[in-house]
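Below is one structure, written out as structure tokens; comments come after it.
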Amino acid sequence: MNIRNFCIIAHIDHGKSTLADRFLELTGTVEKRKMKAQILDGMDLEQERGITIKLTPVRMNYRSSIVIPSPSTSLRAGSAEGSLSNTPDNAQKRDSSTHPTSSSGSVGMTNGDEYVLNLIDTPGHVDFTYEVSRSLAAVEGAILLVDATQGVQAQTIGNLYLALDQDLTIIPVLNKIDLPNADVEKVSAEIIHLIGCKKEDILTCSAKTGEGVKEVLEKVIELVPPPNSSPYEGEDRGGIGQIDSEHPPLSPLSRGEQLRALIFDSFYDDYRGVVASVRMINGELKKGDRIKFMSTGATAEVLDLGHYSPQMIADPKLENGQVGYIVSGLKELGEVRVGDTVTLEKNPAKEQLPGYKEVKPMVFAGIFPQEGDDYNALRDAVDRLKLSDSALYYEPEHSQALGFGFRCGFLGMLHLDIFQERLWREFGLHIIATVPSVAYHVFLTNGERMTTKSPQELPNVQRISHIEEPWMIVDIITPKNFVGNVMGLVSERKGIYTNTEYLSAGSDQRAMLHYEMPLASLITDFYDKLKTVTSGYGSLNYEFKNYRKADVVKMDIIIAEEAVESLSSLVWREEAFKIGKKIVGSLKETLPKQQFVVKIQAAIGGTVIAGERLSALRKDVTAKLYGGDVTRKRKLLEKQKKGKKKMLAMGKGKVEIPTEAYLAVLKR
Ligand SMILES: Nc1nc2c(ncn2[C@@H]2O[C@H](COP(=O)(O)OP(=O)(O)OP(=O)(O)O)[C@@H](O)[C@H]2O)c(=O)[nH]1
Ligand SMILES: [Mg+2]
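Quick look at the structure:
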């Protein structure tokens, strides 16, 4: 069987899912009448927001109309500089590492061969990068799609580097050439500058009109190597997935030929239990086989298996090199883990595949059910979401005010937002999320170190020796004329400038600015601000760098004399006054008026540093009185006054805090 496994990577909105639509049409995988825009964005949430959140695999059958030329024309990553230029060295690598071992050897293939194409559509937003890196582990090639009206953007580069790390074949494609402002020349120059390919290596297409799409698919067949009997063959292939340094790629001797399949995704099906999406690495799997999950040790029978089309289609077997799914009937959620290796129970592989590096959550927030008795439902929901959202981190947490819940870790604010929305849509759960925080390293006077993921966990000041916070490497791409604005914004947020690169030559150059910045600056409204100061043109990518010393204090928000635990946050001491004032001010705008005057205060260690008063709502208690005796009216007003006094005397009243108030604290 001729197999090609590839994915589409790009910056957000550059047209990956739309190009996938055209591929599905071209190959007849989805009937025309069933076709809809971005069909692989299967979740309602994805369709409504117009963004991809999850990776989606799909298999297509296709009869190629070209003759495959010699493999030496391929574009292959591998030189030390990460250049894609077609050096003899690269060509040779490809020759030796892929073809002789290939069962499907495509060299010199004649016109009209049938191909099985396994495509994975990936998200573009930086918060879902883990989906991209897992997809890359299941394929041999990637289409690097660039919007010809936007040019190379921050995630174009971020995702390209991920693909180069895996030594994948890269096919650069310009999209949206139907648009009048598409600038093929300029954007081609940027791509050439970026990856060092030739102009002729760059394809152009419109995923909207379909122009050039067939050529892209034919190029995939021509350039992407077929899957090896073992992708670990050959020194140049650094294994698949983000290599876990503790589990280096296996030597051929220890590898054996037993069945192995990499789980790159999973989800929960109400009727069939956990379903694992796999990439077959060695061997062949059939329905009824007994399998073992190597790291968890769980065993099960293969109740069903098959491929995505994009819905699940059962097959009698999954062959080596294929991408598909396995239904094992396991209901215990912890037993199937993304990155684990599936093998046969009877003749198991000796060693696991390298799997994935554990992903590091960036921001943490407490998640509590709005109704206390929803805790069990919340636990089940979070367990299940974790299956299809492997970047999610969670541990149980208890709060005095909010009861039992979880401290959850996310890759960014959009990830948190999507998580909340999915809890509501898929499980009908309303939750309270606390103000997100980064993870601080707190060094205690007794020499111990603890990681603090929430303001509540911060130990008493006397016990703290010093605190460290995470810093990120930040890349920002912007047209040259906004560079000044970006510089201003970043330095306001404590960013440290590293250097500037230009994406191409010429008068309307775009710059890539490199900075280092505290993560705490990024998780507030940095991205919104960046868009504002660059008139929407700026794009952003970031990754973790290291931990550095920070002077941080806990700021409490007190509403109607009561500290609202979920609103407290950790802030830099030098900015505490400014931030306190801002938060109190915006809370005044967002909190609904009450029957009584509400005091809103920000305090550090019991000292109030900022305060506001929210005036009382004067409820028209006399509204129901038509005419009648004036003394009656006066009586009602008196009664109202008394009631208010009583509440004020108690100094508090229950103030319900709307979600906007949390946002107000965040966007400080
Ligand atoms: N004019 C034009 N519009 C396009 C083309 N390709 C995609 N679009 C539009 O661009 C927008 C984004 O397309 P998507 O396919 O959702 O982009 P994506 O890369 O999958 O986005 P994410 O998955 O969220 O990163 C949609 O409004 C598409 O209709 C094209 O070739 N021409
Ligand atoms: Mg998409």
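Residue numbers (this note's numbering): 28 to 695. Where a beta carbon is used, it is the ideal one built from N, C-alpha and C, also for glycine.
Euclidean distance between Cα positions of residue i and residue j
{"i": "Glu543", "j": "Arg575", "result": "11 Å"}
{"i": "Ala288", "j": "Val386", "result": "21 Å"}
{"i": "Ser548", "j": "Val465", "result": "10 Å"}
{"i": "Ser642", "j": "Ala590", "result": "19 Å"}
{"i": "Lys377", "j": "Glu346", "result": "20 Å"}
{"i": "Ile684", "j": "Lys615", "result": "11 Å"}
{"i": "Pro396", "j": "Thr461", "result": "11 Å"}
{"i": "Pro388", "j": "Glu422", "result": "12 Å"}
{"i": "Met514", "j": "Glu570", "result": "19 Å"}
{"i": "Lys59", "j": "Cys232", "result": "21 Å"}
{"i": "Arg406", "j": "Ile197", "result": "41 Å"}
{"i": "Leu201", "j": "His152", "result": "19 Å"}
{"i": "Thr472", "j": "Gly632", "result": "19 Å"}
{"i": "Lys507", "j": "Ile222", "result": "21 Å"}
{"i": "Lys313", "j": "Ser417", "result": "27 Å"}
{"i": "Leu230", "j": "Glu242", "result": "8 Å"}
{"i": "Glu469", "j": "Arg476", "result": "First, the amino acid is wrong: residue 469 is Val here, not Glu. Between Val469 and Arg476, the C-alpha separation is close to 6 Å."}
{"i": "Ile500", "j": "Ile523", "result": "10 Å"}
{"i": "Ile459", "j": "Thr551", "result": "18 Å"}
{"i": "Glu359", "j": "Val301", "result": "8 Å"}
Closer than 6 Å: residue i CB and nearest ligand 1 heavy atom
{"i": "Asp40", "result": "yes"}
{"i": "Thr45", "result": "yes"}
{"i": "Leu206", "result": "yes"}
{"i": "Pro199", "result": "no"}
{"i": "Ile80", "result": "no"}
{"i": "Ser642", "result": "no"}
{"i": "Gln65", "result": "yes"}
{"i": "Lys203", "result": "yes"}
{"i": "Ser162", "result": "no"}
{"i": "Ser566", "result": "no"}
{"i": "Lys241", "result": "no"}
{"i": "Ser531", "result": "no"}
{"i": "Lys558", "result": "no"}
Whether residue i touches residue j by CB criterion (7 Å)
{"i": "Ser415", "j": "Phe553", "result": "no"}
{"i": "Ala392", "j": "Pro463", "result": "yes"}
{"i": "Met87", "j": "Thr56", "result": "yes"}
{"i": "Gly237", "j": "Phe33", "result": "no"}
{"i": "Ile585", "j": "Ala637", "result": "no"}
{"i": "Leu567", "j": "Ala181", "result": "yes"}
{"i": "Leu516", "j": "Lys556", "result": "yes"}
{"i": "Gln285", "j": "Met321", "result": "no"}
{"i": "Val247", "j": "Arg306", "result": "no"}
{"i": "Asp148", "j": "Lys43", "result": "yes"}
When the options are compared against residue i, the one with the closest alpha-carbon
{"i": "Gly333", "options": "Tyr352, Met321 and Phe320", "result": "Tyr352"}
{"i": "Gly178", "options": "Asp210, Tyr569 and Arg640", "result": "Asp210"}
{"i": "Lys319", "options": "Asn186, Lys373 and Glu424", "result": "Lys373"}
{"i": "Leu597", "options": "Val390, Thr236, Asp296 and Gln397", "result": "Val390"}
{"i": "Ala175", "options": "Lys556, Gln338 and His41", "result": "His41"}
{"i": "Asp367", "options": "Ala164, Glu496 and Glu448", "result": "Ala164"}
{"i": "Leu450", "options": "Arg31, Asp342 and Arg411", "result": "Arg411"}
{"i": "Gln74", "options": "Lys413, Asp192 and Ile445", "result": "Ile445"}
{"i": "Gly455", "options": "Ile229, Lys61 and Ala408", "result": "Ala408"}
{"i": "Glu328", "options": "Ala234, Met321, Pro337 and Gly315", "result": "Gly315"}
{"i": "Tyr188", "options": "Leu53, Thr156, Glu227 and Trp599", "result": "Thr156"}
{"i": "Tyr467", "options": "Ala404, Asp578, Lys241 and Phe509", "result": "Asp578"}
{"i": "Lys626", "options": "Ile504, Met339, Arg600 and Arg640", "result": "Arg640"}
{"i": "Thr527", "options": "Asp192, Ile550 and Asp502", "result": "Asp502"}
{"i": "Tyr89", "options": "Gly77, Thr79, Gly69 and Glu52", "result": "Glu52"}
{"i": "Tyr529", "options": "Ser518, Gly522, Ile523 and Ile504", "result": "Ile504"}
{"i": "Glu217", "options": "Glu592, Ser531 and Thr551", "result": "Ser531"}
{"i": "Val635", "options": "Lys608, Leu618 and Leu644", "result": "Lys608"}
{"i": "Leu206", "options": "Pro84, Lys235 and Gly185", "result": "Lys235"}
{"i": "His442", "options": "Lys203, Leu419 and Ala64", "result": "Leu419"}
Contact test: residue i Cβ vs ligand 2 heavy atom, cutoff 6 Å
{"i": "Lys319", "result": "no"}
{"i": "Thr156", "result": "no"}
Buried or exposed by the 16-neighbour rule on C-beta atoms within 10 Å, applied to residue i
{"i": "His425", "result": "exposed"}
{"i": "Ser162", "result": "buried"}
{"i": "Lys81", "result": "buried"}
{"i": "His38", "result": "buried"}
{"i": "Ser92", "result": "exposed"}
{"i": "Asp116", "result": "Note that Asp116 has pLDDT 40, beneath the 50 cutoff, so the model's placement of it is unreliable and no number is given."}
{"i": "Lys581", "result": "buried"}
Residue i: CB within 6 Å of a non-hydrogen atom of ligand 3
{"i": "Gly151", "result": "Within the structure as shown, ligand 3 is missing, the only ligands being ligand 1 and ligand 2."}
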